[in-house]
Amino acid sequence: MRAILTALLLTAGTPALADECGDLIDRVASETKAEIGNRSLDFANFTLAPDTTLTLACGTPSSVGAQFRGEKPPEAYFALFGRAGHAVTGIDAATIEQAAHTARDAATRLRHSNVDAGGARVTCSVTTSEKGPFTLCAVIEHSDRS
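FYI, the working numbering numbers position 95 of the sequence shown as 167, with every residue one higher than the one before it.
As structure tokens, this is what we get:
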């Protein structure tokens, strides 16, 4: 009986997480006009162009990342990242966009950089592999949502 009660309590919380993540997925898709690719209860990826993708991780904290394959991301990448970050955090898109510019510029020298932006952290990495240059920026909510 105790095992059945435990199983019911554990599964009772799953729809709330699924609904919350589903809402975040829908908001990111709406804000960015991105096409939803793979999705699960706590993750989704989105495609915008052959060189630009988004990933969303739901939870506490939630985060959204933008990946660009190429030498230097265009302005549209930063604007897209700002809109995606706004959808997840509620922070002004321009604030996130500016933080991404700052973090990406520093990452070109350091490989990785973090910038605080309106109550979230923007982190960017710049790497080069056999497939060429790659930029990844993510905005991560602070885990304390109170």
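For every residue, glycine included, the Cβ atom is placed at its ideal position computed from N, Cα and C. Since this is a predicted model, take the numbers as computed values, not measurements.
Sub-7 Å separation of residue i and residue j beta-carbons
i: Arg181; j: Thr104; result: no
i: Ala192; j: Glu169; result: no
i: Leu208; j: Ser201; result: no
i: Leu126; j: Ala106; result: yes
Close Cβ partners of residue i (< 7 Å) along its chain, the five nearest in sequence each way excluded
i: Ile108; result: Ile97, Ala101, Ala116, Phe118
i: Arg111; result: Ile97
i: Gly190; result: Ile163, Asp164, Thr167
i: Cys93; result: Leu113, Asp114, Cys130
Close Cβ partners of residue i (< 6 Å) along its chain, the five nearest in sequence each way excluded
i: Val187; result: Ala171, Thr174, Ala175, Val194
i: Ala165; result: Gly154, Arg155, His158
i: Arg141; result: Asp123, Phe206
i: Ala210; result: Ser135, Gly137, Thr195
i: Ser185; result: Ala175, Ala178, Ala179, Cys196
i: Glu143; result: Pro205
i: Thr199; result: Phe206
Residue-chain proximity (residue i, chain C), Cβ-Cβ < 7 Å
i: Lys203; result: Reference to chain C is not applicable here, since this structure consists of a single protein chain.
Sheet register partners of residue i (DSSP bridge)
i: Thr124; result: Ala121, Phe140
i: Gly204; result: Ser201
i: Ile212; result: Ser135, Arg193
i: Glu107; result: Thr119
i: Val100; result: According to DSSP, which records beta bridges pairwise, Val100 is partnered with nothing at all.
i: His184; result: Ser197
Between the CA atoms of residue j and residue i - distance to the nearest angstrom
i: Ala179; j: Ala151; result: 18 Å
i: Leu128; j: Ala121; result: 17 Å
Same chain, Cβ closer than 8 Å to residue i, neighbours up to 5 away in sequence not counted
i: Arg99; result: Ala159, Val160
Distance cut-off 6 Å: residue i Cβ against heavy atoms of the ligand FMN
i: Arg141; result: Although the ligand FMN was asked about, the structure shown includes no ligands whatsoever.
Exercise for the section: Mind listing, in chain order, the continuous beta strand (DSSP E) runs of no fewer than 3 residues lying wholly within the segment 128 to 161? Expected result: 135 to 141
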